[in-house]
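There are 2 protein chains.
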Amino acid sequence: MEIPVVRNILEANDRLADQLKKLFASRKMLVLNLMSSPGAGKTSILERTLADLAGEFKMAVIEGDLQTDNDARRVAATGAQAVQINTDGGCHLSSSMILEALDKLNLDGLDILFIENVGNLVCPAEFSLGEDSKVTLLSVTEGDDKPEKYPLMFHLSAVMVLNKVDLLPYVDFSMDKARQHASKLNADLKIFPVSCRTREGLEDWYAWLRAARATKN
Amino acid sequence: MEIPVVRNILEANDRLADQLKKLFASRKMLVLNLMSSPGAGKTSILERTLADLAGEFKMAVIEGDLQTDNDARRVAATGAQAVQINTDGGCHLSSSMILEALDKLNLDGLDILFIENVGNLVCPAEFSLGEDSKVTLLSVTEGDDKPEKYPLMFHLSAVMVLNKVDLLPYVDFSMDKARQHASKLNADLKIFPVSCRTREGLEDWYAWLRAARATKN
């Protein structure tokens, strides 16, 4: 007799992620999983994107945080639908949390669903949420060595947004070194240097978003 | 018959941490567990501290990273003993890793052992390494909302180092708000605003370190 005693959490998550993927595909929604260290600017780029593209796309956000609903309030202020997940200490979002959060959203006619993961450059990379693409943000204040030191997230992502480029004059950050390390991990990685503060580079990110969205039509 | 099928990882770690605590106490070493988001400046403050206090204390560092030995090389360049742990994807250090790393260090006459944890504002907080105190770094570029959003680490720490204050003119960061949130989580938390770049505030951190070290004599 076989006694199943230890559930493989990653496998269980992957099975549920496959179901989410099918659900998202059936609704022709583009779903992006935003990941980064705490404070790299995930909520800031969402605020900009939701406001700037409000006339083009119907968008919603699932916010993941250990505590507080600060981020959901911030993105909801742009007029977008938002739902907050509190993981209560959990270090990443999982597909089961996304399934629950979807219950609280009106998915009718939604073009793009953004999932903002818990601020953590390690754990969220391992848990698929059924997304079309992972988007990793790195802020230049964190240092150009981060792709090399936290490889999995950059390896699995379609996009690396290099945020806070307005601070480049004040920090030691080599754009070349960051690009080189990231591209070595992932030759297909698209890299967009931006500043959510000055709006520099945001149009390149929006162009990628439009192209990714167009694949769903 | 009771079949023990799932080991409680946290409890196993805590038991080993108790043993480490005894070992550290018997050697009268001060042991500090440094934690923060990726890129907040843990290695930078160690580089400064090891160089500036080299004449006063015998110090060593255990470096924790997913990959690379970059950080161990950086701190070893100051002349201090350093050993690198690669967690190979693991999101925090554990007591068993520390036990192994201790084998590679000469502990004779060591005054202070710094343990630089994996860059992660979530998971490392839950795993005691037998340290005397946890020291959390927060860089002002991460935002003043981080203590509120990642409460456990700040709740458990003796010290919060607020790093990169040289960048305060260029970011939206309220020192008062960060202090308020952190102090609400932990009334005894010592807060040291510093800049590893300009050296501002480092003397306050050194003064705390000397006082903490003095309790071991």
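Chains as they are written, first to last, in my numbering: chain A, 5 to 221; chain B, 5 to 221.
Where a beta carbon is used, it is the ideal one built from N, C-alpha and C, also for glycine.
These figures come from a predicted structure and were not determined experimentally.
Query                                                                                                                               : Result
Whole-Å CB distance - E146(B) paired with S41(B), under 8 Å assumed                                                                 : 6 Å
Among A76(B), F28(B), D107(B), the one whose alpha carbon lies nearest that of L117(B)                                              : F28(B)
Contacts of E152(B) in chain A (Cβ-Cβ under 9 Å)                                                                                    : Q71, T72, N74
Exposed unless 16 or more other CB atoms sit within 10 angstroms - verdict on P173(B)                                               : exposed
Whole-angstrom distance between A86(B) and R77(B), CA atom to CA atom                                                               : 8 Å
Cβ neighbours of D180(A) in the same chain (closer than 8 Å, five flanking residues each side left out)                             : none
Span separating the alpha-carbon of E204(B) from that of M164(B)                                                                    : 15 Å
Cutoff 8 Å: G147(A) Cβ touching any chain D Cβ                                                                                      : In the structure shown, chain D does not exist; the protein chains are A and B.
Validate contact between the stretch 79 to 98 of chain B and the stretch 194 to 208 of chain B using beta carbons, cut 8 Å, 3 pairs : no
Straight-line Cα distance separating G45(B) from L20(B)                                                                             : 28 Å
Whole-angstrom C-beta distance between G43(B) and K150(A), which should lie under 8 Å                                               : 6 Å
Proximity below 8 Å, CB of Y224(B) to CB of D56(B)                                                                                  : The structure shown does not extend to residue 224(B), since chain B is modelled only from 5 through 221, so no value can be given for it.
Endpoints, beta strand (DSSP E) assigned at P197(A)                                                                                 : 194 to 197
Length-filtered (4 minimum) alpha helix (DSSP H) runs lying within the stretch 44 to 120 of chain B                                 : 46 to 56, 74 to 80, 99 to 106
Candidates V65(A), E51(A), A129(A), L36(A), of which the one nearest W212(A) by Cα                                                  : L36(A)
Complete runs of the beta strand (DSSP E) confined to the stretch 139 to 183 of chain A [at least 3 residues]                       : 163 to 167
Continuous alpha helix (DSSP H) stretch holding N17(B): start and end                                                               : 13 to 30
D92(B) versus Q71(B), A58(B), G59(B), residue with shortest Cα-Cα distance                                                          : Q71(B)
K188(A) versus S187(B): straight-line alpha-carbon distance, rounded                                                                : 43 Å
Beta carbon proximity, S41(B) to chain A, threshold 8 Å                                                                             : yes
Integer-rounded CB distance, given that L38(A) should sit under 8 Å from V139(A)                                                    : 5 Å
Host beta strand (DSSP E) of L34(B) (start-end)                                                                                     : 34 to 39
Distance, D69(B) Cα to F196(B) Cα                                                                                                   : 25 Å
Integer-rounded CB distance, given that E120(A) should sit under 8 Å from L50(A)                                                    : 6 Å
E60(A) versus L24(B) - alpha carbon distance                                                                                        : 58 Å
Contacts around L34(A), its chain only, beta-carbon distance under 7 Å, and the 5 residues preceding and following it disregarded   : D115, I116, D136, A216, R217, K220
9 Å Cβ cut-off: residues of chain A touching L133(B)                                                                                : Simply none; closest approach about 17 Å.
With 16 other Cβ atoms within 10 Å as the buried cut-off, status of L133(A)                                                         : buried
N- and C-terminal bounds of the alpha helix (DSSP H) containing S218(A)                                                             : Note on identity: in this sequence residue 218(A) is Ala, with Ser being the wrong assignment. Unbroken alpha helix (DSSP H) run through A218(A): 206 to 218.
Below-8 Å beta-carbon distance, N37(A) vs any chain B residue                                                                       : no
Proximity of V126(B) and N124(A) at Cβ, strictly below 8 Å                                                                          : yes
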